[in-house]
Amino acid sequence: MKPFIIAGLSLLLSLSLSAQLKVGNKAPQIAAQTKEGVRFDFRAYEGKYLLIDVWASWCGPCLKAFPELKKLYKEYTSKKFDIIGVSIDNSAGQWQNTVEKHGLAWKQYHAPGNFKSPVVDAWGIDALPSTFLINPKGEIEMIDPSPKQLKKFLSKLK
Amino acid sequence: MKNIVLAVVCFLVAHTANAQFSSARLEATGLTCALCTKAINSSLEALPFVESVDVDIVTTSFMIKFKDQQKVVIDDVKKAVEDAGFSVGKLFMKRNFSDVAIKNDEHVNIDGQVFHFLKVKSQVLSGEQEIQVVDKNFLTSKSYQTFAKSSSKECVKTGKVAGCCEADNAVSNRVYHVTI
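Protein sequence lines, in the order shown, are assigned to chains A and B.
Residues in the first sequence are numbered from 1 upward in steps of one, following the numbering used here.
Residues in the second sequence are numbered from 159 upward in steps of one, following the numbering used here.
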């Protein structure tokens, strides 16, 4: 009987750890750090809507999304909104080269491991890019919003 | 006498243990970005002979490292890709060759597995070499046709030794069509 209970609890735990996030869920932690070694902390973005862009240098669609993100960053960054990038690149070198090559102005964090990165499991990520808009209460406001949806939402913040 | 037998056994084990594919380079194709999807990574990593899967940004390929002393089943790599909803665009397998003589449109038995080399010059393979699998569904349809037309042997279409060629002490009747 005991083995079955343990197996059942383990299954439930593993399912909950990698479950898909939904709008309204509390945002999980992000185990990532800047190139200077500063760990990500939601408190640094207190009171803001935060757009989290999870990407990697080997993800073509991720790189194609940068121009739109640059427009959003330029137009809407304020006391009420900010953007961060979280790369799951295994190679710190490739991560940094890509950041520099594309001139990404928003804060960049590194959570290495490719799809084995802890961020992938914690945020239930199946594919890249994955973007999440977190509200000031620390809850998920939007998942993978289109640039149009984001502009409509952010224009109301101004 | 016992020591001699033991020494011979160790020698043979060492040689067969090293005689495996060490890694592979895989380009996968599909409706969405293959590299961007967790599904392929998970599917490949679940194979018992796969040690790790990484991504090469330069060749936009999956770099698969195989476990030592584990039989690598090439068809299972393709199946893993297809189970994830993608197709094999190109598959290159890397291994150490110990002076293996190859000829164009000829079979060669390498460690119990039959390989049929296509569109190659006669040569002796030694050291670490990469061979590309050119069987059906291991590359684009157009590229496959180019290789298929280069041989009149039935096995090019069937992937099986039976019916056209001898198995020659192979452990199975599967023949992989490859090029270098």
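The beta-carbon is built from N, C-alpha and C at its ideal position, and this holds for glycine as well.
Note that the structure is a prediction, hence the values are computed from the model and not measured.
Give me the Cα-Cα distance between residue i and residue j, rounded to the nearest whole angstrom.
i        : j        : result
Ser201/B : Val38/A  : 34 Å
Gln108/A : Lys116/A : 19 Å
Met172/A : Gln20/A  : It is not possible to answer for residue 172/A, since the shown part of chain A is limited to 1 through 158.
Pro206/B : Leu283/B : 28 Å
Glu286/B : Val99/A  : 35 Å
Cys194/B : Asp144/A : 15 Å
Ala65/A  : His110/A : 18 Å
Asn114/A : Ala192/B : 13 Å
Glu288/B : Ala197/B : 26 Å
Lys265/B : Ser308/B : In the sequence on display, residue 265/B carries His and not Lys. Their backbone Cα atoms lie some 14 Å apart in a straight line.
Val319/B : Tyr302/B : 18 Å
Ser145/B : Pro112/A : Here chain B has residues from 159 to 338 only, and residue 145/B is not among them.
Pro28/A  : Val278/B : 54 Å
Ala306/B : Ser180/B : 27 Å
Leu249/B : Thr337/B : 11 Å
Gly93/A  : Asn267/B : 42 Å
Val314/B : Ile125/A : 41 Å
Lys236/B : Lys294/B : 11 Å
Phe148/A : Thr34/A  : Note on identity: in this sequence residue 148/A is Lys, with Phe being the wrong assignment. Going from the Cα of Lys148/A to the Cα of Thr34/A covers about 29 Å.
Ala105/A : Pro61/A  : 19 Å
Lys160/A : Ser146/A : Residue 160/A lies beyond the residue range present for chain A, which begins at 1 and ends at 158; the question has no answer from this structure.
Leu133/A : Val120/A : 16 Å
Using a Cβ-Cβ distance under 8 Å, would residue i count as near chain B?
i        : result
Trp58/A  : yes
Ala111/A : no
Val170/A : A question about residue 170/A goes unanswered here, because the residues of chain A that appear run from 1 up to 158.
Leu128/A : yes
Pro67/A  : no
Pro136/A : no
Pro61/A  : yes
Ser10/A  : Bear in mind that the predicted position of Ser10/A carries a pLDDT of just 48, short of 50, making it too unreliable to give a figure here.
Phe132/A : no
Ile125/A : yes
Gln94/A  : yes
Asn114/A : yes
Asn25/A  : no
Leu17/A  : Low confidence applies to Leu17/A: its pLDDT is 48, below 50, so where it sits in the model is not reliable, and the reading given next is rough at best. Leu17/A does not count as touching chain B.
So is residue i in contact with chain A if we call contact Cβ pairs under 8 Å?
i        : result
Lys196/B : yes
Val213/B : yes
Leu184/B : no
Leu193/B : yes
Thr218/B : yes
Asn295/B : no
Asn199/B : yes
Leu170/B : In this prediction, Leu170/B has a pLDDT of 46, which is less than 50 and means its spatial position is unreliable; nothing more can be read from the coordinates.
Closest to residue i by CA distance: which of the options is it?
i        : options                                : result
His102/A : Ala56/A, Ile30/A, Leu133/A             : Ala56/A
Phe42/A  : Lys137/A, Phe153/A, Ser146/A, Lys148/A : Lys137/A
Glu209/B : Thr218/B, Gln227/B, Thr217/B, Ile215/B : Gln227/B
Asn199/B : Thr217/B, Asp234/B, Ile222/B           : Ile222/B
Ile84/A  : Ser155/A, Ile30/A, Ser91/A, Glu139/A   : Ile30/A
Pro118/A : Lys26/A, Ile52/A, Ala32/A              : Ala32/A
Asp263/B : Asp269/B, Asp257/B, Phe273/B           : Phe273/B
Asp233/B : Gly188/B, Thr218/B, Leu184/B, Ala259/B : Leu184/B
Lys225/B : Thr218/B, Val211/B, Val216/B           : Val211/B
My guess is that residue i and residue j are in contact by the Cβ rule of under 8 Å, so how many angstroms apart are they, rounded?
i        : j        : result
Val333/B : Gly317/B : 6 Å
Asp82/A  : Leu50/A  : 6 Å
Ala182/B : Lys252/B : 7 Å
Leu150/A : Leu72/A  : 6 Å
Ala247/B : Leu297/B : It should be pointed out that residue 247/B corresponds to Gly in this sequence rather than to Ala. At roughly 7 Å, the Cβ-Cβ gap stays under 8 Å, so Gly247/B and Leu297/B are in contact.
Phe220/B : Val213/B : 6 Å
Val54/A  : Leu128/A : 6 Å
Leu157/A : Lys80/A  : 5 Å
Which whole runs of the alpha helix (DSSP H) in the region 70-139 of chain A are 4 residues long or more, in chain order?
-> Runs of the alpha helix (DSSP H) inside the region 70-139 of chain A: 92-102, 118-122.
Which ranges does the alpha helix (DSSP H) cover as unbroken runs of at least 4 residues, wholly within the region 198-271 of chain B, from first to last along the chain?
-> The qualifying runs are 232-241.
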